[in-house]
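Undergrad: Heads up, the sequence shown is in our numbering, so the first residue is 1 and it goes up one at a time.
Note that beta-carbon positions come from the ideal geometry of N, C-alpha and C, so glycine has one too.
Since the model is a prediction, treat every value here as computed from it, not as a measurement.
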Amino acid sequence: MREMKYSKGKLNNEISPLTIPEIDFIMEEMNKGKESESVKRHVQPSVSIHEKINGASEQIKNLFEDIRKEENIQLETVEGIKAEIVPIIEEAAKNPDIYYLFKEMQAKNEYTYKHNIGVGIIATYLGTKLGLSKESLSDLTLAAILHDVGKTGIPERLLEKPGKLTETEYEEIKRHTIYGYELLKCIPGLALTALQHHEREDGQGYPHKLKGSNIYYLSKIVAIADVFHAMSSDRVYHQAMPFYKVIEQMNRDVFGKFNPKMLLVFINQLMGTLVGKEVMLTNQQIGTIIMINPYEPLKVLMKTKSGIIDLRLEKELQIERIIGK
Ligand SMILES: [Fe+2]
């Protein structure tokens, strides 16, 4: 184990290639509301919010079943979601312990419906950390709840099919973006999010292979929340990934698939929820995370029985898992 000491050059070499204003932005975001978060960190959501989330999932299930039957979405339905479900999601997203929320939101069944609520909460949480205005935040929450509404145009046997999809089936599932756009086209912000939430910064997404600056910003936030929730959930064809593995995998995509600024803010916030938690390293050593490095959020500072370990300096070491989770 080495001491926590850096040469100036070494530290500079390790800083990710973001500009200084971008780094300042990330640090500023990390510090927002820190005091209140540290006080509330171990306060878990009340039973009532848990019940409200379950009720909202049930409501969305019924609404989506109606949309599937009618092949149409009424303006009153959207207004109803805005009035009844958006406030529940906003309340849930205020809870700073996203790690606890992650455990709560792991969809064990009825993935399609729970996914909409889960993505709503995570997107709203991220939107808050990105400093969106109250108005944009409520647009984001509504857009996130309805991002996959186009799946009501896809046969359920295809959505729930265990095992690998054929190429034709996958192409059909991809069309949920276009169906969503068509259902929501009288409300442009919602329609664009439904259409573009699978587009990726590098142009490798679908349906239109748009690149970074051509993608609507709310779609970019929903894309991050969507992938995070999907990886964290049990599906018919894969098991939920552990929390830390999800973060690790998303971190690999900082430059490429997602908006790097948004994703770094998200990863920093997620890693922040692990401060104080016990983890096991790849060499089986156990320690408690005491600090997150904002430039490389997975390279944490840890306290172990034998002293402090700085993962920035221990290149061969990584976090293997969070203990007991
Ligand atoms: Fe989708």
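In chain order, what residues of the same chain have a beta carbon less than 8 Å from the beta carbon of R175, not counting five sequence neighbours either side?
TA: Mapped onto the sequence shown, residue 175 falls at position 175. Excluding sequence neighbours, R175 sits near G150, G153, I154, P207.
Undergrad: Please classify G118 as buried or exposed, where buried requires at least 16 other C-beta atoms within 10 Å of its C-beta.
TA: On the sequence shown, position 118 is the one that residue 118 refers to. So G118 counts as buried.
Undergrad: Is the region 80-99 touching the region 194-203 in the sense that three or more CB pairs, one from each, lie closer than 8 Å?
TA: Touching, no, given that fewer than three Cβ pairs across the two stretches are closer than 8 Å.
Undergrad: Measure from the alpha carbon of M231 to the alpha carbon of each residue in I221, V275, E248, K220, then state which is nearest.
TA: The count along the sequence shown starts at 1 and reaches residue 231 at position 231. Measuring from the Cα of M231, the nearest candidate turns out to be E248.
Undergrad: Please report the distance separating the alpha-carbon of E278 from that of K303.
TA: As a working note, residue 278 is residue 278 in the sequence shown. As a working note, residue 303 is residue 303 in the sequence shown. C-alpha separation (whole angstroms): 9 Å.
Undergrad: Would the beta-carbon of E201 fall within 8 Å of that of F258?
TA: Within the sequence shown, the letter at position 201 stands for residue 201. Within the sequence shown, the letter at position 258 stands for residue 258. The answer is yes: Cβ separation under 8 Å.
Undergrad: Just checking I208 against ligand 1 - is the residue's beta carbon closer than 7 Å to any of the ligand's heavy atoms?
TA: Along the sequence shown, read from residue 1 onward, the residue named residue 208 stands at position 208. Per the sequence shown, the amino acid found at residue 208 is His instead of Ile. No, ligand 1 has no heavy atom inside 7 Å of this Cβ.
Undergrad: Applying the criterion that 16 or more other CB atoms from any shown protein chain within 10 Å of the CB defines a buried residue, is K220 buried or exposed?
TA: Start at 1 with the first residue of the sequence shown, and residue 220 comes out as number 220. That one is buried.
Undergrad: Please tell me whether I326 and A93 are closer than 8 Å, where the distance is taken between their beta carbons.
TA: Look at the range of the chain in this structure, 1 to 325, and you will see that residue 326 is not part of it.
Undergrad: CA-CA distance, G212 and A225?
TA: Translated into positions along the sequence shown, residue 212 becomes position 212. Translated into positions along the sequence shown, residue 225 becomes position 225. G212 and A225: Cα-Cα distance of roughly 17 Å.
Undergrad: Evaluate contact between the region 183-194 and the region 160-171, counting only Cβ atoms and requiring at least three cross-stretch pairs below 8 Å.
TA: The region 183-194 is not in contact with the region 160-171.
Undergrad: Please name the residue, chosen from L137, N283, R321, that lies closest to F243 on a Cα-to-Cα basis.
TA: Here residue 243 refers to the residue found at position 243 of the sequence shown. Nearest of L137, N283, R321 to F243, Cα basis: R321.
Undergrad: Is the distance from the Cβ of A240 to the Cβ of S233 below 8 Å?
TA: As a first step, residue 240 is located in the sequence shown; it is residue number 240 there, counting from the start. As a first step, residue 233 is located in the sequence shown; it is residue number 233 there, counting from the start. It is a contact, given that the beta carbons lie within the stated cut-off.
Undergrad: I'd like the list of long-range same chain contacts for I323, defined as Cβ closer than 8 Å, with 5 residues on each side in sequence excluded.
TA: Locating residue 323 in the sequence shown gives position 323, where the first residue counts as 1. So the list reads K277, E278, V279, M280, I286, once near-sequence residues are dropped.
Undergrad: Write down the C-beta distance between D139 and G180 rounded to the nearest angstrom, noting that I regard them as a contact closer than 8 Å.
TA: Position 139 of the sequence shown, counted from the start, is the residue given in the question as residue 139. Position 180 of the sequence shown, counted from the start, is the residue given in the question as residue 180. Actually they do not touch by this definition, with Cβ atoms about 16 Å apart.
Undergrad: Per DSSP, what kind of secondary structure is M250 in: helix, strand or coil?
TA: The sequence position of residue 250 within the sequence shown is 250, counting from 1. DSSP places M250 in helix when its eight states are reduced to three.
Undergrad: Is I267 closer than 8 Å to N251 when the C-beta atoms are compared?
TA: Within the sequence shown, numbered from 1, the residue matching residue 251 stands at position 251. Within the sequence shown, numbered from 1, the residue matching residue 267 stands at position 267. Closer than 8 Å, so yes.
Undergrad: Taking only three categories from DSSP, how would you classify P294?
TA: Here residue 294 corresponds to residue number 294 of the sequence shown, with the count starting at 1. Here P294 sits in coil by DSSP.
Undergrad: What three-state label does DSSP hand L274 in the structure shown?
TA: Along the sequence shown, one-based indexing puts residue 274 at 274. Three-state DSSP puts L274 in coil, outside helix and strand.
Undergrad: Of the choices E79, D66, L192, whose alpha-carbon is the least far from that of Y216?
TA: Numbered from its first residue, the sequence shown carries residue 216 at position 216. Closest option to Y216, Cα to Cα, is L192.
Undergrad: Residues bridged to G307 by DSSP?
TA: The residue given as residue 307 occupies position 307 in the sequence shown. In DSSP, G307 forms a bridge with T304.
Undergrad: Please check the pair T282 and L311, which I expect to be a contact at CB under 8 Å, by giving their CB distance rounded to whole angstroms.
TA: Along the sequence shown, one-based indexing puts residue 282 at 282. Along the sequence shown, one-based indexing puts residue 311 at 311. 10 Å between Cβ atoms; not a contact.
Undergrad: Starting from the Cα of L126, find the closest Cα among T77, M291, L218 and give me that residue.
TA: Residue numbering aside, residue 126 sits at position 126 when the sequence shown is read from its first letter. With distances taken between Cα atoms, L126 lies closest to L218.
Undergrad: Please state whether the Cβ-Cβ distance between I73 and L183 is less than 8 Å.
TA: For this step, residue 73 is matched to residue 73 along the sequence shown. For this step, residue 183 is matched to residue 183 along the sequence shown. Result yes, Cβ atoms of I73 and L183 sit closer than 8 Å.
Undergrad: So, helix, strand or coil for I122, using DSSP?
TA: Reading the sequence shown from its first residue, position 122 is the one you call residue 122. Here I122 sits in helix by DSSP.
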